[in-house]
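Worksheet: one structure, shown below.
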């Protein structure tokens, strides 16, 4: 749907939806919701003029657009829909351990990221709107509310044709140690209506709209540190105000595919030498993303998880084989090349030595 000059409304739909009345009606209902929303709520007039001086690219080629965004953010898929010129652009500037940018596609776009790559991703719209899938529900995102995704989490968004996103990359080390944004505890939805989050958005608006301030922050390390600290600490303070319904009841979060792929390799090649880089390559993600994903979904590192899997397999094999089979051979088959370290890890894990387990056979 587009709201054109003079208030005229033009509906947009996915290819093939005209023949699918159910899908089309869903789009109409969504468009009606958007008309109602805009009729009640005024825009915040976020104009990121200063970021225009940091234009990264302009392109009408979808593959080029995907490649250039991936260099700054990470690999992702782009699927356009609806009408529009498809003239994409991205503005982006580094500010200490933060990255601030805008992205527009010039047409409706479905964006999918399997797992955020080792940073926190914060996103809202300075124009248009988006429907973002996060933590088991769909969130309406505009200039009054946004979403944040933690490292290792998926990101999926359907962007309206006029949508221009403001994206913020946050290095995890920039955050206070006791703050974990976008997690089960404090959810993914951010409201900018009041409190610290409104103050945060106002400060971001000031930085993004003032060329002189942004230039000073980029050119003077002390100014840049103060700006980074202000934005990060306001964001941390505002995290307590986020949508409580996201964390009000327990729920299961789907394990990302890259974690499962790494686990599959562990099981399939348990006796083979494996390094962290091997697991990351098999999973199709950088090492940092793999580590973040395992810490979030398995509460341990990939290599510690691999050791646990090997120990479990060794114990199962010891109990299932006859006494004639030497435990050292079992350890070797499970990927342990140093029997002394294997025996020590085994006892720490199971409270008994491998030979004590062997007596149970």
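In the UniProt record's numbering, the protein residues as written are 1 to 361.
All residues carry an ideal CB built from backbone N, CA and C; glycine is no exception.
Quick caveat, the model's predicted, so the values are computed rather than measured.
- Within the UniProt domain "HTH araC/xylS-type" (260-360), the alpha helix (DSSP H) runs of at least 4 residues that lie entirely inside it are, in chain order, 276-283, 287-297, 302-320, 327-333, 339-350 and 354-358.
- Nearest Cα to residue 97 within the set 189, 228 and 82: 228.
- Collapsing the DSSP output to three states places residue 94 in a strand.
- The beta carbons of residue 78 and residue 56 sit no closer together than 8 Å.
- Here residue 331 is buried. Its C-beta has 16 or more other C-beta atoms within 10 Å.
- Contact between residue 282 and residue 265 is confirmed by a C-beta separation of about 4 Å, below the 8 Å threshold.
- Out of 323, 167, 174 and 129, the CA that lies nearest to the CA of residue 204 is found in 167.
- Note on residue 212: under 16 other CB atoms within 10 angstroms of its CB, so exposed under the neighbour-count rule.
- In the three-state DSSP reduction, residue 49 falls in the helix class (H, G or I).
- Nearest in C-alpha terms to residue 137, of all of 156, 151, 145 and 199, is 156.
- Judged by DSSP in its simplified three-state form, residue 205 adopts helix.
- In the DSSP assignment, residue 164 falls within the beta strand (DSSP E) that extends over 164-170.
- Residue burial is scored here from C-beta neighbours: residue 158 has at least 16 other C-beta atoms within 10 angstroms and is therefore classed as buried.
- Between residue 107 and residue 80 the beta-carbon gap is near 5 Å, inside 8 Å, which marks them as a contact.
- By the criterion of at least three beta-carbon pairs nearer than 8 Å, the stretch 265-275 is in contact with the stretch 331-346.
- Between residue 152 and residue 260, the C-beta gap is not smaller than 8 Å, which leaves the two residues out of contact.
- One Cα belongs to residue 122, the other to residue 219, and the distance between them is close to 24 Å.
- Its Cα nearest to that of residue 352, the residue 311 stands out among 311, 325, 171 and 188.
- Residue 306 and residue 294 have their alpha carbons spaced roughly 11 Å apart.
- In the same chain as residue 49, and ignoring 5 residues on each side of it, the C-beta atoms closer than 7 Å to its own belong to 209 and 211, in chain order.
- Looking at the DSSP output, residue 229 bridges to nothing.
- For the 8 Å CB-CB criterion, residue 89 and residue 104 form a contact.
- Counting C-beta atoms within 10 angstroms of its own C-beta, residue 340 has fewer than 16 neighbours from the protein chains shown and is therefore classed as exposed.
- Nearest in C-alpha terms to residue 162, of all of 146, 87, 170 and 144, is 87.
- Contact check for residue 59 against residue 51 fails: the beta carbons are separated by 8 Å or more.
- The three-state reading of DSSP puts residue 54 in helix, counting H, G and I together.
- The beta-carbon separation of residue 238 and residue 284, rounded to 34 Å, does not stay under the 8 Å limit for a contact.
- Under DSSP, residue 60 shares a beta bridge with no residue.
- Per DSSP, the continuous alpha helix (DSSP H) segment holding residue 215 begins and ends at 211-219.
- In this structure, DSSP gives residue 222 a helical state, which the three-state scheme calls helix.
- Judged by beta-carbon spacing, residue 129 lies beyond the 8 Å limit of residue 172, meaning their Cβ atoms are not closer than that value.
- Nearest neighbour of residue 198 by Cα position, chosen from 301, 46 and 221, turns out to be 46.
- Straight-line spacing of the CA atoms in residue 348 and residue 233 works out to 41 Å.
- Its chain contains 51, 54, 99, 100, 101, 214 and 218 as the residues whose beta carbon lies nearer than 8 Å to that of residue 93, once the 5 sequence neighbours on both sides are disregarded; these appear in chain order.
- Residue 262 sits buried, since 16 or more C-beta atoms from the chains shown fall within 10 Å of its C-beta.
- Scanning its chain for C-beta atoms nearer than 8 Å, with the 5 sequence neighbours on each side dropped, one finds around residue 174 the residues 96, 97, 98, 228 and 232, in chain order.
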